[in-house]
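Some notes on the structure that comes next.
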Amino acid sequence: MTTEQASPPPGQSLAAADFVNDEASASLGESLRAYRDRLRGGDMGALPAALGLVVLFIVFAALRPDSFTSPLNIANLMTQASAISVLAMGLIPVLLLGEIDLSAGVTGGVAAGFTAVQIDRHGSSWVLAVLIGLAVGAAVGLVVGVLVAKLGIPSFVVTLAFFLGLQGVTLKLIGLGGTIPVRDDVLRAITIKSMPVTMGWIVVIVLLAAYGALLMWRQSRLAAKNLQRPPTSLLLVKFVALAVIMLIATAVLSQNRSRVPTFVIAGIPYAVFVVGALLIFWTFIFGRTGYGRHIYAVGGNTEAARRAGINVDRLKVSAFVICSSMAAISGIITASYDGKVSPGSGGGNVLLYAVGAAVIGGTSLFGGKGLIRDAVIGGLVIATIDNGLGLLNQAAYINYIITGSVLLLAASVDAISRRRRSATGT
Amino acid sequence: MTEPLLELRGVNKSFGAVQVLHDVNFKVYPGQVTALVGDNGAGKSTLVKTIAGIYRADSGEFFFEGKPVTIHGPKDAGALGIEVVYQDLALCDNLDIVQNMFLGREAHTAGFLLDELTMEDRARQTLASLSVRTVKSVRQSVSSLSGGQRQTVAIAKAVLWNSRVVLLDEPTAALGVAQTRQVLDLVRRLADNGLGVVLISHNMVDVLEVSDRITALFLGRVAADIKASETNHSQIVELITAGRSGDIGISAATADQSA
Ligand SMILES: Nc1ncnc2c1ncn2[C@@H]1O[C@H](COP(=O)(O)OP(=O)(O)O)[C@@H](O)[C@H]1O
Ligand SMILES: [Mg+2]
């Protein structure tokens, strides 16, 4: 514990009056004003993505009222979003460092390939097969990270090379034109099965209650020491909004969405829980641990981080390992959804969708700014566009053009807000 | 005279073919302010960064309280109680004031959880003791601070720890009159509390007022190491610009050779 080693600086007494402008507890009005100032200063966070999601839902619901908002399609959309979101979550630490991993998509393909081969050709249990997939992902990240951190090759070059090379590995593994089926019950269940309805409600309500209790506990601790904290009313508004969204989503997904009357499909798809667990875990790591703090520091000012004694090289390697391991999970989710792994798995627009998700969610391509939840919100935006356009029966080329434009738009918002931040200094 | 807290003997440092520090001997005494003066490019910042463990000296010896020590990195310097306020401040714009002050030395609970309560509390106390009246909140991002406020945060970061030696690389360069006064008072106060303080400044009036000893660097060589009470404005300026003044300073031959 560092507290014992350090003491307040010598000299003057600590008069609270010396610190007149530092208000520990702000009123709701002040907080809203501060938020408005942040927006003006170019720090928009997840606001554009959240608004975009609402607009997209309204537009698609208006154009396809019978199919877009049906429970079947919402469940489908969430499952589609899960693979994108998981990949994007993995990219966040890499983006926070100001680096990029263009090979993350195909790393997921290779890892899923190894997992599928292990089950299909060697008869392994799904546990061992998934561990092997994760190990393949971690190994790829380790090599990429070492090449970037120790040799100093720009990450976009290293990962572009891996983007090509790894597709060759998948091709060799699977064989030209072939596919490896994924039939394992547990792996398939991730995307095609749902948690029983009652169980789903219990999990959602317990999670909400735990989160609410955590917020209250933290607020009371901050208040007890009179430290900087948001107004309780603001916390309440945010919590109620989150609870309403989660409960509505649970209600929709709890309806029977089967198209045949003889059996029932209802409940939250397991893939959603995988995303939720990873979201909670990584939010905790990047928000509440020294490791996470150091990742942000390196992205903000690498030299300052180095002078603070932070091992920058090791952090870089670790970020690529996290990214590739998350890519492996994403690849396995995709394989579960498709029921197979093919030589093209993880190629095409997979990586672009994930980068787009992170950037749309509010993570900066310039490093130092972003949150894990950006990946989930952005992933939902991308999946909604993909899903909605699919329902409109547009030609594939429209889909490409629109998704590309959305990514460009998000990157422009990022670049402009960065310029505003440096201009206004907020 | 008391023993130096920190002493460097025969330190050399090159960047590629360019030798920036030549056989530098440098002493920091407890309870004293040592001013490090020299023209731009004389090697002051390089010397400070070598002491901080950011650069490795090519040769030379380091002593702390008379005992030989090796400083391989910033952590080693920190462990000895050496703190630096860098010329470029070395702050992360995307982090808030508290996060910057504790960067690399975060307080933890349960071994790995950041202890935000302790950190915010101590940051606030330290800033209050430095009379920072203008900061809106200790949780505001450093990018939103003015030059003077940033400077104060960098200084607060250095005095937050139980430091023994504090080196300040041109801490008043970006400050107005009132804030410069505050920093000079702080520098004096730190020394009066028994710390060894090194102040780099181009303002000779400030240097003469606040320091006990003056070390002048000329093109990477120590031109003089003298008591502030035994020198004056014009002699220091001569040492800085020509490397010698009267019978003190480096020989004309050496000066020519380095130039
Ligand atoms: N990292 C570096 N690489 C190469 N040369 C450097 C580096 N840092 C400083 N120098 C050179 O060393 C000399 C001394 O620089 P510096 O220590 O910054 O001087 P001062 O702080 O006294 O103005 C300058 O000529 C500068 O160009
Ligand atoms: Mg300098």
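Top to bottom, those sequences are chains A and B.
Numbered by my numbering, the letters in the first sequence go through residues 1 to 426 in order.
Numbered by my numbering, the letters in the second sequence go through residues 1001 to 1259 in order.
We put the beta carbon where it would ideally sit given N, CA and C, even for glycine.
Keep in mind it's a predicted model, so treat the numbers as computed, not measured.
Can you tell me which residues form a DSSP beta bridge with residue i?
i	result
B/F1218	B/R1221
A/A319	Its beta-bridge partners do not exist; DSSP assigns none.
B/H1108	B/L1114
B/L1168	B/V1085 and B/L1199
A/I132	Per DSSP, none; premise fails for A/I132.
A/I180	A/V341
A/T289	B/L1113
B/K1013	B/L1021
B/R1244	B/G1249
A/R421	Paired residue(s): none; A/R421 is not in a bridge.
B/A1035	B/L1199 and B/I1214
B/E1007	B/K1027 and B/F1063
B/D1096	B/S1141
B/K1227	B/R1213
Can you have a look at residue i and say buried or exposed, based on whether 16 or more other CB atoms are within 10 angstroms of its CB?
i	result
B/V1011	buried
A/G287	exposed
A/S324	buried
B/E1083	buried
A/P343	buried
B/K1227	exposed
A/T159	buried
B/G1246	exposed
A/T363	buried
B/N1040	exposed
A/N21	Summary for A/N21: the model assigns pLDDT 49, below 50, so the residue's position carries little reliability; its value from the coordinates is reported in the next sentence. Result: exposed.
A/N73	buried
A/M195	buried
B/D1022	It should be pointed out that residue 1022 of chain B corresponds to His in this sequence rather than to Asp. Classification of B/H1022: buried, given that the 10 Å Cβ count is 16 or more.
B/G1194	exposed
A/D184	buried
A/A223	exposed
B/Y1029	buried
A/N226	exposed
Compare the C-beta of residue i against all C-beta atoms of chain B and say whether one is closer than 7 Å.
i	result
A/R38	no
A/R288	yes
A/A210	no
A/A415	no
A/L408	no
A/R373	no
A/G346	no
A/R418	no
A/Q228	yes
A/R307	yes
A/I322	no
A/G300	yes
A/A327	no
A/K369	yes
A/I385	no
A/I398	no
A/I285	no
A/K238	no
For a cutoff of 7 Å on Cβ pairs, would you count residue i as touching chain A?
i	result
B/L1239	no
B/P1030	no
B/I1071	no
B/F1064	no
B/I1054	yes
B/E1170	no
B/K1044	no
B/R1181	no
B/L1117	yes
Thinking residue i and residue j are a contact (beta carbons under 8 Å), I'd like their distance in whole angstroms, please.
i	j	result
A/I387	A/N76	For clarity, residue 387 of chain A is Asn in the given sequence; the question names Ile instead. The pair is a contact, with the Cβ atoms about 7 Å apart (cut-off 8 Å).
A/T170	A/G113	5 Å
A/A327	A/G145	Between A/G145 and A/A327 the Cβ distance is about 13 Å, and since that is not below 8 Å, they are no contact.
A/I385	A/I402	6 Å
A/Y337	A/T79	6 Å
B/V1098	B/V1138	5 Å
B/D1212	B/V1048	Contact flag wrong, Cβ pair sits at about 18 Å.
Counting only runs of 4+ residues fully inside the stretch 196-266 of chain A, write out the alpha helix (DSSP H) ranges in chain order. Restricting attention to alpha helix (DSSP H) runs no shorter than 4 residues, the stretch 196-266 of chain A encloses them at 197-224 and 232-253, ordered along the chain.
Runs of 3 residues minimum, wholly inside the stretch 1043-1076 of chain B: which ones carry the beta strand (DSSP E) assignment? If only uninterrupted beta strand (DSSP E) runs of at least 3 residues are considered, those enclosed by the stretch 1043-1076 of chain B are 1059-1064 and 1067-1069.
My parser needs the alpha helix (DSSP H) runs of 4 or more residues fully inside the stretch 118-169 of chain A; what are they? For the stretch 118-169 of chain A, the full-length alpha helix (DSSP H) segments reaching 4 residues or more read 126-149 along the chain.
Taking beta-carbon pairs under 7 Å, can you tell me which members of the stretch 1088-1100 of chain B lie near chain D? The structure shown contains no chain D; the protein chains it does contain are A and B.
Can you list, in chain order, the stretches of the alpha helix (DSSP H) that have 4 or more residues and sit fully within the stretch 28-59 of chain A? Correct list: 28-40.
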